[in-house]
Amino acid sequence: MTTKLNYRSYVANLVTALNVFCGFISIVLASEAHYFLSAIFIIAAAIFDSLDGIVARLLKTSSKFGVELDSLSDVVSFGAAPAFLIYKAYLYQFGYAGIFISSLILVFGAFRLARFNVQLENIETKGDFRGLPIPLSAITLAFFIISFYKNGMIIEPYNDFLIPLVILFSLLMVSTLKYNSFPKLKNQSIKRKSVIAILLAISLIISFITRGEVLFYIFFAIILSGLIRSFYNILLNKSR
Numbered sequence: 064m065t066t067k068l069n070y071r072s073y074v075a076n077l078v079t080a081l082n083v084f085c086g087f088i089s090i091v092l093a094s095e096a097h098y099f100l101s102a103i104f105i106i107a108a109a110i111f112d113s114l115d116g117i118v119a120r121l122l123k124t125s126s127k128f129g130v131e132l133d134s135l136s137d138v139v140s141f142g143a144a145p146a147f148l149i150y151k152a153y154l155y156q157f158g159y160a161g162i163f164i165s166s167l168i169l170v171f172g173a174f175r176l177a178r179f180n181v182q183l184e185n186i187e188t189k190g191d192f193r194g195l196p197i198p199l200s201a202i203t204l205a206f207f208i209i210s211f212y213k214n215g216m217i218i219e220p221y222n223d224f225l226i227p228l229v230i231l232f233s234l235l236m237v238s239t240l241k242y243n244s245f246p247k248l249k250n251q252s253i254k255r256k257s258v259i260a261i262l263l264a265i266s267l268i269i270s271f272i273t274r275g276e277v278l279f280y281i282f283f284a285i286i287l288s289g290l291i292r293s294f295y296n297i298l299l300n301k302s303r
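Spelled out as structure tokens, the structure:
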């Protein structure tokens with residue numbers, strides 16, 4: 064019985080390992096100026112990040128170790144990888160200021176994950192996310208590069224929006240704004256989570272075909288939904 068459980072945990076952890084592997088490949092590709100492919104591997108990492116929880120629940124191997132491994136992988140794939148990508152693709156030209164600004168995604172993302180783990184009362188139930196999920200921030204930045212990095216530069220006027228986006232995403236990650244997540248105890252929740260993984264896979268294919276411009280706006284709209292939801296709740300409470 065112990066051997067079977069260990070085997071199952073290895074399967075789930077392997078999926079998580081593929082997440083961090085894609086994050087590492089993204090960093091390597093960015094260092095070699097392959098920014099489009101670097102962004103693609105961030106999206107691929109997000110697919111594995113979505114799948115590892117599904118595999119763990121299907122195999123009934125959810126554990127504290129799995130949660131910690133997932134968070135460490137997320138720091139690499141959705142913190143270090145996008146931070147290095149945007150620095151190499153654009154922010155390098157601002158010198159030390161560019162280093163500082165690009166690092167915000169990594170540093171604030173790490174704070175976001177640490178807070179999430181501390182507040183996690185039960186590894187089986189997570190409820191709504193408090194603050195922008197770090198994978199969503201990374202995916203959106205990846206699609207920004209895919210969409211607007213052309214002919215060796217981020218095309219105008221989109222280049223003027225990258226720094227504000229980085230600052231906005233960083234602040235949202237450490238905010239207390241609510242972002243929807245999916246319950247994990249019911250079979251329906253697993254199916255809904257599977258839909259996310261499928262949509263991410265489709266997004267990966269579409270990004271190759273269309274270079275992802277529409278997808279950037281979709282994910283950016285999802286990020287703004289947290290702000291809209293917060294303002295709506297404030298107005299609703301004031302009207303009562």
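Our numbering numbers the first residue of the sequence shown as 64 and each following residue consecutively.
Just so it is clear, CB atoms sit at the ideal spot from N, CA and C, and this is done for glycine as well.
The count of Cβ pairs closer than 8 Å, one atom from the region 104-121 and one from the region 154-169, stays below three, leaving the stretches out of contact.
Beta-bridge analysis with DSSP links residue 236 to no other residue. Take the alpha-carbon of residue 95 and the one of residue 175: they are about 29 Å apart. If you check the CB distance, residue 143 and residue 212 do not come in under 7 Å.
Around the Cβ of residue 159, a 10 Å sphere holds fewer than 16 other Cβ atoms; the residue is exposed. Counting other Cβ atoms within 10 Å of its Cβ, residue 220 stays below 16 and is therefore classed as exposed. In the displayed model, residue 90 falls within a helix according to three-state DSSP.
Apart from sequence neighbours up to five positions away, the residues of its chain that approach residue 131 with a beta-carbon distance below 8 Å are 180, ordered along the chain.
When secondary structure is reduced to three states using DSSP, residue 218 falls in the coil class, being assigned neither helix nor strand.
Taking 4 residues as the minimum length, the alpha helix (DSSP H) runs contained wholly in the region 107-184 are 127-138, 144-152 and 159-182, in order along the chain. Residue 227 counts as exposed, since fewer than 16 other beta carbons sit within 10 angstroms of its beta carbon. Counting the other Cβ atoms within 10 Å of the Cβ of residue 296 gives fewer than 16, which makes it exposed. Between the alpha carbons of residue 289 and residue 241 lies a gap of roughly 6 Å.
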